[in-house]
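**Student:**
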């Protein structure tokens, strides 16, 4: 089972800490103690609440009616996240390593925009950055028992990365060719005003999204569109097949990782096997060897 | 093969019943006798018919034309379901256990709204509750030979629950980030009036639903939308891969559950195993026995 | 490998035929001789051409312009198909068995509507029946080497029939419950005028079709719609998982159907194995035993 | 592992080349040397840039504003691609074999349209041909380490070709039958003006694209459409299952190709095999050798 790289990155010299820094570390970075668990739950609630506030802030009717409340809530969240950031900085042994780690940057990005918005008005752009706070939930999930599950998924995706890349490139080629064909067939009159727009239509159709903002009107165009749709319907099988086959392989190799028998050299034993299934010798001896 | 939990919950002390209660129990709760089968078929017809009546009731043109007929039909269904509920209550040994079980509550919810609608007018809300009657069909299916099939599906879903949860959470993060990006790119003029609305658009697009009520107009917006679509087209592979791999694992383990050892009663041997993997005894003897 | 049931149904006593009926039988019902192959290709061309003529006939602009030509082409097709039907009837031994078989009925339906349209004017309904001619192509494909491939697919679908049925029923329950919830949330003003219409919307959304003819306008409605979409995106994994797992099982069992060794009773041999992979004894002896 | 046919086709007698032609060959056709790698990267940049220029040329607002610049860029690309084509022609031993190979034709098509557009004005048709340049990227990818990945995908698709063909044919039959049914049910008033148009609608719906340009209005039509949608949602499982099962089989056969027998050189042994399945000799000796 592959070790979580994220997990490793977090162990920033915890074993060498002592005293109160060690206590803070345990509460903030671990989730085995009751205090650690309570901290995690509280943090998730805070993060989700702050994301909701940011989203509501972008709704015009909400902003005009509850503007001051949203403003105050935002500052409360920012101050709490700032305190948390400082505590994290204090608790870890290698401050710079934490500050430059992925989650260190995310933690900082969660608080900076609010401070900057005081200096620079016109906060629309900051809204989006503040939404990155949602990434912080993964930090907590990571501590819970979801790491190994995510590891399996990531391992499968990583192993099939190249196949998926080729597939995506093939899809891009397909939509460029099909889109420019549609541009010739339908013409500017029916919404296919340029090749980039026709390629956009081809993507909308091939992925079976189908907005309907551009759609073919001529018979030939509809025939060609039908080919695109059936192609899209059929080739969705390819990424699915790739990921499934990879997950299968991982599951299979995990199931029969089985050690070989030291007596008859037979392999493929299940995990809880005690005796060789082929010659009946004890597997313990090979294990201890 | 996992035992159906639902099945267990139904055996509310049937073996200890005697006389006419036993007969009622057999007809209502079992489906092995001709009377039990006839009851099941009749019940399914009743349930489906009553669901159709409720649905038609919500169609304005039907209500004005056939209102009184629908009213009468509803009362006929309600009285029949009430009788059935009372019979069930009488037939089981532990009344409270049945009344508090999942299907006990569903059975009660199937009849209460009609009685309440006499007291409280304005029945629109009751319509929806009455539609929950459709859940009662599962009660009958459960008795037929569909239990083990559903069990396999549920087992696969249960085993992959965590992976799917992580996937859903990842998708939610993705749509929040992509939605707020679109909000910045397209702006309020093109329908992306707020971040929640942009996130809604991102969900509509990533899941390849594609209503087209909101769609990007600018070139940059369409380029970003294309990325969202191709991402959605590719990551649908993940839940599919998870469930398929789990179903495969279940099928494989079922295939090779093999014979049990006659010595230690241990099971789970592969097909070509010669010696018991737990006690080391030869499996031949059990085979020849 | 399962034998094609359709194939069997066609062998209507061919071996007992003699003389010219035998020759006709070989040409029409088989595809091993050059004449039989030529007949098959000609028939497919005829069928596809006649289907195109029927489709073009339904296009108003075509009908007004080329009406007489379409009319003549239709009669040519009908007369050729009638002759073919009569030859088939003559060639087979058991006329009634053929006439009542699936393809016998399809063959008859391919010609009757044209004759009836002389007696009964207003042929719109007959158009659709004439299109059933397309099913006749399967008759020819069946003779080619596509039978065993289709058999594998059908076997997988048949084996997973129950699981798929349960899934479809679950989806139906889901859309009834979600549709009626949407009816309460959105109300008649936004297009959700009745429960059946809301259920229709739920199906359009859950299957990720997304016409956009009805779409939620309120925030709560859009939130609920998002849940429906993500659910649909995730549960498409279930039928895919079922079919894939079944196809895997079939592929695996075909690979290692292997006979057991008569000496050591070991199984799981590959198809071309000559000696037992566990004890080294010849597998031939077991085969001849 | 199947050898890449494309790869083979490229080795146009390279080993027999000497001197400067050999050097050019190494730079252009191979990617192992620093110069070869630089050439590949440069070529990809050129191809992508030229594709972008062609696409922008089709956008009316761009053409009017930057017309002369696009014109000049196009001529720069064409001259560079022409030089490259000539170098390739010089470097290979068998000129005609290269010129007639797939990539030889693509390389030529990349430059011809620009020269022709001088002679024949009205270049809209040439735009589409010039976009075929995108295919040239595959030439470079082929040299990188993506060949074997693509080979596995292609092998899986080739092995499942027949099953997918049958599936596509089945889908076509389905949409013809369902489309003509819809034509009868909805009628011309609601957009279902002809059978071809109704079949187009059926394809749009079954593949879950769902433009919404044509959608059913009557209750019966919506009910039928619901059946089409759920069918489409369920049968997408079939192509996915086919491809996944094939990829699984390939992965499995790769895993257990096992060691070859030292006696008869036979391969394909399972992992736990003890004796050669073809000649019966012990595999142990080969293992210890």
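Chains as they are written, first to last, in my numbering: chain Y, 7 to 295; chain D, 7 to 295; chain C, 7 to 295; chain V, 7 to 295. Glycine included, C-beta positions come from ideal geometry on N, C-alpha and C.
1. Does the beta carbon of residue 60 (chain D) sit closer than 9 Å to a beta carbon anywhere in chain V?
2. Quick one: Cα of residue 184 (chain V) to Cα of residue 208 (chain V), how far?
3. For residue 203 (chain C), which residues in the same chain have their Cβ closer than 6 Å to its Cβ, ignoring the five residues on either side in sequence?
4. Under 9 Å, do residue 186 (chain C) and residue 134 (chain D) count as touching if we go by C-beta distance?
5. Any idea what DSSP makes of residue 157 (chain C), helix, strand or coil?
6. Do residue 237 (chain V) and residue 141 (chain C) have their C-beta atoms closer together than 9 Å?
7. Are the beta-carbon atoms belonging to residue 239 (chain Y) and residue 213 (chain V) less than 9 Å from one another?
8. Is residue 144 (chain Y) close to chain V, meaning its C-beta is less than 9 Å from at least one C-beta of that chain?
9. Taking all protein chains shown into account, decide if residue 233 (chain V) is buried (16 or more other Cβ within 10 angstroms of its Cβ) or exposed.
10. Does residue 158 (chain C) get closer than 9 Å to chain D when you measure Cβ to Cβ?
11. In angstroms, rounded to a whole number, what distance separates the CA positions of residue 55 (chain C) and residue 26 (chain C)?
12. Taking C-alpha atoms, which residue in V:67, V:177, V:246, V:52 lies nearest to residue 162 (chain V)?
13. Interface residues of chain Y around residue 42 (chain V) at Cβ under 7 Å?
14. May I ask you to report which of helix, strand or coil DSSP gives residue 198 (chain C)?
15. Quick one: which residues of the segment 193–220 of chain V get their C-beta closer than 9 Å to a C-beta of chain D? List them in chain order.
16. Could you check whether the segment 188–203 of chain D touches the segment 62–75 of chain Y, counting it as contact only if at least three pairs of C-beta atoms, one from each stretch, sit closer than 8 Å?
17. Where does the unbroken alpha helix (DSSP H) through residue 222 (chain D) begin, and where does it stop?
18. Do residue 191 (chain D) and residue 227 (chain D) have their C-beta atoms closer together than 9 Å?
19. Would you list, in chain order, the members of the segment 217–246 of chain V that have their beta-carbon closer than 8 Å to a beta-carbon of chain D?
20. Three or more beta-carbon pairs under 8 Å between the segment 27–36 of chain V and the segment 102–121 of chain V, yes or no?
21. Evaluate contact between the segment 159–175 of chain D and the segment 247–258 of chain D, counting only Cβ atoms and requiring at least three cross-stretch pairs below 8 Å.
22. Spell out whether any CB of chain D is found under 9 Å from the CB atom of residue 97 (chain Y).
23. Between residue 139 (chain C) and residue 51 (chain C), which are expected to be in contact by the criterion C-beta below 8 Å, what is the C-beta distance as a whole number of angstroms?
24. Are the beta-carbon atoms of residue 210 (chain C) and residue 182 (chain C) separated by less than 9 Å?
25. Take the Cβ of residue 87 (chain V) as the centre, count every other Cβ of all protein chains shown within 10 Å, and call the residue buried at 16 or more, exposed below.
26. Establish whether the CB of residue 301 (chain D) and some CB of chain C are separated by less than 9 Å.
27. When burial is assigned at 16 or more other CB atoms within 10 Å of the CB, is residue 78 (chain D) buried or exposed?
28. Assuming residue 215 (chain C) and residue 216 (chain V) make a contact with CB atoms under 8 Å, what is their CB distance in whole Å?
29. Does the beta-carbon of residue 136 (chain V) have 16 or more other beta-carbons within 10 angstroms, so that it is buried, or is it exposed?
30. Please list, in chain order, all residues of the same chain as residue 41 (chain Y) whose beta carbon is under 7 Å from its beta carbon, the five residues on each side excluded.
31. Just to confirm the assignment, what range does the alpha helix (DSSP H) spanning residue 28 (chain Y) have?
32. Counting only Cβ pairs nearer than 9 Å, list the residues of chain Y close to residue 51 (chain V).
33. Compare the C-beta of residue 120 (chain C) against all C-beta atoms of chain D and say whether one is closer than 9 Å.
34. For residue 80 (chain C), return the contacting residues in chain V, with the cut-off set at a CB-CB distance below 9 Å.
35. Spatial neighbours of residue 170 (chain D) within its chain, please: C-beta separation below 7 Å, excluding the five flanking residues on both sides.
36. Which residue from Y:188, Y:145, Y:38, Y:29 puts its Cα closest to that of residue 108 (chain Y)?
**Tutor:** Quick answer:
1. The sequence position of residue 60 (chain D) within the second chain is 54, counting from 1. No, residue 60 (chain D) lies away from the interface with chain V (no Cβ there is under 9 Å from its Cβ).
2. Numbered from 1 along the fourth chain, position 178 holds the residue referred to as residue 184 (chain V). Numbered from 1 along the fourth chain, position 202 holds the residue referred to as residue 208 (chain V). Rounded to whole angstroms, residue 184 (chain V) to residue 208 (chain V) spans 7 Å at the Cα level.
3. As a first step, residue 203 (chain C) is located in the third chain; it is residue number 197 there, counting from the start. Taken in chain order, the list of residues that qualify is empty.
4. Against the third chain, residue 186 (chain C) aligns to sequence position 180. Against the second chain, residue 134 (chain D) aligns to sequence position 128. Cβ atoms of residue 186 (chain C) and residue 134 (chain D): closer than 9 Å.
5. The residue you call residue 157 (chain C) lines up with position 151 of the third chain. Here residue 157 (chain C) sits in helix by DSSP.
6. Locating residue 237 (chain V) in the fourth chain gives position 231, where the first residue counts as 1. Locating residue 141 (chain C) in the third chain gives position 135, where the first residue counts as 1. Result no, Cβ atoms of residue 237 (chain V) and residue 141 (chain C) do not sit closer than 9 Å.
7. Sequence index remark: in the first chain, residue 239 (chain Y) carries index 233 (1-based). Sequence index remark: in the fourth chain, residue 213 (chain V) carries index 207 (1-based). Contact: yes.
8. Counting from one through the first chain, the residue named residue 144 (chain Y) turns up at place 138. Chain V, which has no Cβ nearer than 9 Å to the Cβ of residue 144 (chain Y), makes this no.
9. The sequence position of residue 233 (chain V) within the fourth chain is 227, counting from 1. Residue 233 (chain V) comes out exposed.
10. For the purposes of this step, residue 158 (chain C) is taken as residue 152 along the third chain, with counting starting at 1. So, not an interface residue.
11. Taking the third chain and counting its residues from 1, one reaches residue 55 (chain C) at position 49. Taking the third chain and counting its residues from 1, one reaches residue 26 (chain C) at position 20. Whole-angstrom Cα-Cα distance: 30 Å.
12. Along the fourth chain, read from residue 1 onward, the residue named residue 162 (chain V) stands at position 156. The option with the nearest alpha carbon to residue 162 (chain V) is V:246.
13. In the fourth chain, residue 42 (chain V) corresponds to position 36, counting from 1. Here the premise fails: no neighbours, minimum Cβ distance about 21 Å.
14. As a first step, residue 198 (chain C) is located in the third chain; it is residue number 192 there, counting from the start. Residue 198 (chain C): coil per DSSP, three-state reduction.
15. 214, 215, 216, 217, 218
16. yes
17. Numbered from 1 along the second chain, position 216 holds the residue referred to as residue 222 (chain D). No alpha helix (DSSP H) contains residue 222 (chain D), which DSSP labels as neither H nor E.
18. To locate residue 191 (chain D), count along the second chain from 1; it is residue 185. To locate residue 227 (chain D), count along the second chain from 1; it is residue 221. A contact, by the Cβ cut-off of 9 Å.
19. 217, 218, 246
20. no
21. yes
22. Here the question's residue 97 (chain Y) lines up with position 91 in the first chain. No, residue 97 (chain Y) does not count as interfacial toward chain D.
23. Residue numbering aside, residue 139 (chain C) sits at position 133 when the third chain is read from its first letter. Residue numbering aside, residue 51 (chain C) sits at position 45 when the third chain is read from its first letter. Residue 139 (chain C) to residue 51 (chain C), Cβ: 13 Å. No contact.
24. In the third chain, the residue the question calls residue 210 (chain C) occupies position 204. In the third chain, the residue the question calls residue 182 (chain C) occupies position 176. Not a contact, by the Cβ cut-off of 9 Å.
25. The count along the fourth chain starts at 1 and reaches residue 87 (chain V) at position 81. Its Cβ being crowded by 16 or more others within 10 Å, residue 87 (chain V) is buried.
26. Lying before the first or after the last residue shown, residue 301 (chain D) is absent from chain D, which here runs from 7 to 295.
27. The sequence position of residue 78 (chain D) within the second chain is 72, counting from 1. Residue 78 (chain D) should be labelled exposed.
28. The sequence position of residue 215 (chain C) within the third chain is 209, counting from 1. The sequence position of residue 216 (chain V) within the fourth chain is 210, counting from 1. Correct: roughly 4 Å between the Cβ atoms.
29. The sequence position of residue 136 (chain V) within the fourth chain is 130, counting from 1. Residue 136 (chain V) is buried by the Cβ-count criterion.
30. What you label residue 41 (chain Y) is simply residue 35 of the first chain in a count that begins at 1. The answer, listed in chain order, is 33.
31. As a position in the first chain, residue 28 (chain Y) is number 22, starting the count at 1. Here the alpha helix (DSSP H) through residue 28 (chain Y) covers 25–35.
32. Reading the fourth chain from its first residue, position 45 is the one you call residue 51 (chain V). Result: empty, since nearest Cβ-Cβ is about 16 Å, beyond 9 Å.
33. Here the question's residue 120 (chain C) lines up with position 114 in the third chain. No - not a single Cβ of chain D is within 9 Å of the one on residue 120 (chain C).
34. Taking the third chain and counting its residues from 1, the one referred to as residue 80 (chain C) is at position 74. In chain order: nothing, as chain V lies at least about 14 Å away.
35. As a position in the second chain, residue 170 (chain D) is number 164, starting the count at 1. Excluding sequence neighbours, residue 170 (chain D) sits near 245, 248.
36. Indexing the first chain from 1 puts residue 108 (chain Y) at position 102. The residue with the shortest Cα to Cα distance from residue 108 (chain Y) is Y:145.
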